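Just below is one structure, and these are the notes that go with it.
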Amino acid sequence: MTDTLATPSPTEADAVIIGAGPVGLFQVFELGLLEIKAHVIDTLPYPGGQPVELYPDKPIFDIPAVPVCTGRELTDALLKQIEPFGATFHLGQEVTEVEPQPDGRFLLTTSKGTVLLTRTIFIAAGVGAFQPRTLKVEGIEAFEGQQVFYRVKNPADFAGKNLMVVGGGDSALDWALNFATAEAHRAESVILVHRRDGFKAAPASVAKMRELCEALEMQFLVGQVTGLDLANGTLQGAKVTGSDGVTRVVPLDAMLVFFGLSPKLGPIAHWGLDIERKQLLVDTEKFSTNVPGIFAVGDINTYPGKKKLILSGFHECALAAFGAAPFIFPEKKIHLQYTTTSPKLHKVLGVETPVFD
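In terms of my numbering, the sequence shown has 108 at position 48, counting the first letter as 1, and numbering is strictly consecutive.
Right under this line is the structure:
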């Protein structure tokens, strides 16, 4: 007799959220208020998504009622908020297959062999399996993660170093200013390199950068990194070709490159969903895709007037949860209730109903 490997029995679920960034985490909350328990899948080994992975310590100023918080603080607060709902997390794995079933449910399989049979799917994957756009210079791969970085996880690692920051967007300007001014992890020197004297960044950041350059507290060079200066297997500097065609060697200890993210939908691109410019088309009533039972919230979706803001994603989560409820409770009429006054929601949240005089 030949032994065969048994296919693992799927875990049944009402909702699966793909993506554990801020919007994915808030989707857990909105579903929880409707008594829908969620499973959450993310390719990263920890929740938080893009804010935690790319700028955990940068301030965020546009979360309603929160004057300022970091990406890490926002994630911690969201995790605290969803505690009552007991979501199941499957981290460090990617959804590789989604197979519609005859009964309308979906069979999901992940890269680690997790199998879920779910009534609904919420895609909150940000810009997909995001990857930083890399600097195309021969031999640079050997120094990635050693002296060349596409994200800052611990600013203290760069304190006291001679830094080259490459890019012209908000991330490049923000980190250049941060390392030029922050007492806790100030760099020895900061040189910002951008291909032109124009930026896709907040005007206030650009003005601050020019002010620091005037004060000789940092430098700005117009040009492109076209080569590396090596000695004994170590990156000693970068060759920067200016707009005048002259190539100069700029010494450095470390290089930070911020060219933005390259959106990669990965397997999502093959699930039969309507896609426009690597984003999922949704309606604005339920944030449903063209496949009934599959919803998309946050930066992964697109619709007329779409704004890629965390607060917009939060709004989308609420409507998507109500849109999904009929798939999970087909015989139940869902009424809008308020967390301020609803005893039922207080029970769901595990809090006492307040008594007002």
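Backbone N, C-alpha and C fix where the C-beta goes; we use that ideal spot for every residue, glycine too. Keep in mind that this is a model prediction, so the values were computed, not measured.
A residue is called buried once 16 or more other Cβ atoms fall within 10 Å of its Cβ, and Phe121, having fewer, is exposed. Each residue's CA atom was taken as its position, placing Lys140 and Gly353 some 28 Å apart. In the three-state scheme derived from DSSP, where H, G and I count as helix and E and B as strand, Met278 is classed as coil. Contact check for Glu157 and Thr148: beta-carbon distance about 19 Å, past the 8 Å limit, so the pair fails to qualify. Just measuring C-alpha positions, the residue of Ile123, Arg308, Ala380, Ala73 sitting nearest Gly146 is Ala73.
Met315 and Lys268 have their C-alpha atoms roughly 21 Å apart. As the crow flies, the alpha-carbon of Glu412 is around 51 Å from that of Phe259. Taking C-beta atoms as the reference points, Gly131 and Pro116 count as a pair closer than 8 Å.
Per DSSP, the unbroken alpha helix (DSSP H) holding Ala378 starts and ends at 370-388. In the displayed model, Asp234 falls within a helix according to three-state DSSP. Beta bridge pairing from DSSP links Asn361 with Leu340. If you draw a straight line from the Cα of Val212 to the Cα of Val285, it comes to about 20 Å. Taking the Cα of Val282 as reference, the smallest distance to any Cα among Pro311, Gly227, Ser249, Phe382 is reached at Gly227. With respect to the 8 Å criterion, Gly326 and Val351 are not classified as neighbours on the basis of their beta carbons. Contact fails between the segment 191-210 and the segment 92-99, because fewer than three Cβ pairs, one in each stretch, are under 8 Å apart.
The closest CA to that of Leu252, considering only Ala244, Ala219, Ala240, Lys393, is found on Ala240. In this structure Arg165 is buried. Its beta-carbon is surrounded by 16 or more other beta-carbon atoms within 10 angstroms.
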